[in-house]
Every structure is written in structure tokens, then in C-alpha cells.
Amino acid sequence: MTNTACRLIFPGPCRRAAFVGRYKRFTVEATALDGKDAGEALMAHTNNTGSMLGLLRPGQAALLSPAANPNRKLKYTLEALELGGAWVGVNTLTPNRMLHRAWETGAIPELEGYANFRKEAKVGQSRLDAHLSGDRGELWVECKNVTMVEDDVACFPDAVTERGQKHLRELMALAKTGARVALFFLVQRPDGGCFGPADVIDPVYAELFYQALDKGVEAWPYVANVDESGISLGKRLKVVRP
């Protein structure tokens with residue numbers, strides 16, 4: 001089920017391209033498949049520092065959005081890669097934007113009752129993606145992008161993430177004070193039937209994740225439906241427990 005009201009539109013018409021390679025962590029090369037420059041190389045920025053396991057295959061169809069700043073060195077941003085006939089969203093800023101859009105549209109019930117939404121909110125010596133306040137009190141949310149599915153389970157992370165481990169510890173510390181805290185996982189592909197931590201890839205994260213649930217941290221995994229013009233919020237997934 002797709003919530004058409006809770007939708008993000010890509011910044012300008014996207015280009016279809018064929019993935020060639022990833023270089024210097026934040027740069028990808030692709031071959032244009034449309035336009036007057038079809039067949040020529042296009043360089044794009046990627047903000048995804050994960051492994052994007054199973055997605056970075058030469059020849060894989062890629063979706064590139066135009067950079068908002070025309071003076072930017074890399075004129076495109078990698079938004080999605082095609083897998084099995086469906087787009088998989090790889091832009092790690094999308095979950096933050098989708099959370100805010102869901103708050104605006106009322107698409108996620110857990111966000112109701114909070115009149116104020118603050119992005120990149122400081123807590124202690126760190127920052128979390130969102131701080132909400134209102135009649136229901138305060139809510140802290142950290143957002144994560146999910147691109148991997150194994151045996152019907154949407155999994156996070158796709159690489160060892162010390163930063164993600166740190167966030168879990170911070171959320172548990174906040175929960176201990178009585179604050180309401182949550183993790184918003186945006187699964188940017190349609191084939192996940194449930195959600196769980198990728199214990200084979202990062203066992204420390206998986207252990208901390210379940211500890212966090214036991215200590216009151218909420219987990220909200222939602223599917224995102226990606227097409228060539230934008231991304232819509234889909235159904236919520238169940239969290240699997242060992």
C-alpha cells in the first residue's frame with residue numbers, strides 16, 4: 001500500500017544511465033542511456049558510504065537526479081539502482097526528508113501530537129536526525145536507509161557501522177532518562193517482508209539493536225516505493241526477533 005500524499009519528488013527530471021563504477025567513495029561513473037549525450041560518461045555524487053551490497057554491478061540501470069546547484073562539480077546525484085525490475089533508493093538523505101514529509105502529512109501515526117519538528121538536533125555531544133515536541137512531550141528520532149534484503153528480511157546495516165553503533169548507545173541513554181526515542185528505517189525497495197538487523201555483517205550492531213528495543217527504543221521500518229519521478233511512503237514492516 002502506497003501513501004500518495006506522503007511523497008518526495010526528485011529535483012528535476014532524472015537521467016537513466018548504466019552504472020560503471022564507484023570511485024573515491026562519493027563518486028560514481030555511469031553511461032548515459034538517454035538524451036543527446038547517450039553513450040557518454042556521466043559523473044555523479046553518492047552520499048551513501050555503505051557497501052550497497054549486491055547493487056553496484058557494471059551495467060546496472062541507475063537513476064541520476066540533476067544537482068540543485070548548477071555550479072556543483074558533479075552535475076548529478078545517484079538516487080537509485082535497478083534490481084530485479086524495481087528501483088532501489090540509495091540516497092541516504094531520503095529517510096530524513098521522508099520522516100519530515102510524514103510528519104507534515106500525518107502518514108506515520110507515531111508522529112501525531114508533535115507540533116514542532118527540528119532537524120539535526122543536538123543532544124549531549126552528538127546530533128540526532130530529528131527532535132519533535134508538542135502535546136505528547138518530546139521525541140528523538142534517528143533515520144537510517146535500508147537497501148539490502150536477504151531471505152525476505154530487509155536488513156541494516158550493509159557494512160560495519162561504528163557510527164550506527166554509537167547512535168544506538170545514545171538512544172539507549174536517552175531512553176533511560178524517560179525520553180521517547182525511535183529509529184526510523186526507510187527500506188527503499190519493495191521486496192522486504194519484514195525487518196531485522198544484519199547480524200552476519202555487523203553482529204555488534206545487531207546485539208545493540210535488540211538491547212535498544214528491550215530498553216524502550218522504538219523501531220519503525222517502512223517501505224519506500226521508488227519510481228523515476230520520486231519516492232512514496234509504503235507499508236510498515238514487522239521487526240523480527242531472534
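Its first residue numbered 1, the sequence shown is counted upward by one per residue in the UniProt record's numbering. Just so you know, even glycine gets a beta-carbon here, dropped at the ideal spot from N, CA and C.
Separation of residue j from residue i, as counted between CA atoms
i, j, result
"residue 169", "residue 36", "50 angstroms"
"residue 175", "residue 165", "15 angstroms"
"residue 218", "residue 197", "14 angstroms"
"residue 251", "residue 18", "Here the chain has residues from 1 to 242 only, and residue 251 is not among them."
"residue 48", "residue 145", "9 angstroms"
"residue 203", "residue 125", "26 angstroms"
"residue 16", "residue 120", "32 angstroms"
"residue 52", "residue 90", "8 angstroms"
"residue 30", "residue 73", "16 angstroms"
Member of the options whose CA lies at the smallest distance from the CA of residue i
i, options, result
"residue 67", "79, 177, 60", "79"
"residue 70", "4, 11, 188", "11"
"residue 34", "203, 125, 61", "61"
"residue 147", "76, 83, 43, 105", "83"
Assumed close pair residue i, residue j - CB separation to whole angstroms, cut-off 8 angstroms
i, j, result
"residue 173", "residue 220", "No, residue 173 and residue 220 are not in contact; Cβ-Cβ is about 20 angstroms, not under 8 angstroms."
"residue 241", "residue 222", "Residue 241 to residue 222, Cβ: 18 angstroms. No contact."
"residue 249", "residue 6", "With the chain running from 1 to 242 in the structure shown, residue 249 is simply not present."
"residue 186", "residue 224", "5 angstroms"
"residue 184", "residue 143", "5 angstroms"
"residue 63", "residue 228", "6 angstroms"
"residue 98", "residue 231", "7 angstroms"
"residue 96", "residue 135", "The pair is not a contact, with the Cβ atoms about 24 angstroms apart (cut-off 8 angstroms)."
Bounding residues of the beta strand (DSSP E) (the contiguous stretch that carries residue i)
i, result
"residue 223", "218-226"
"residue 197", "194-197"
"residue 4", "3-9"
"residue 46", "Segment: none, residue 46 is in no beta strand (DSSP E) and carries neither H nor E."
Opening and closing residue of the alpha helix (DSSP H) in which residue i lies
i, result
"residue 213", "203-214"
The ligand HEM heavy atom lying under 7 angstroms from the CB of residue i
i, result
"residue 16", "This structure lacks the ligand HEM, and indeed carries no ligand of any kind."
Beta strand (DSSP E) runs contained entirely in the region 146-188, provided each spans 3 or more residues: 148-150, 153-156, 180-187
Within the region 60-123, ranges of the alpha helix (DSSP H) (whole runs, at least 4 residues): 94-105
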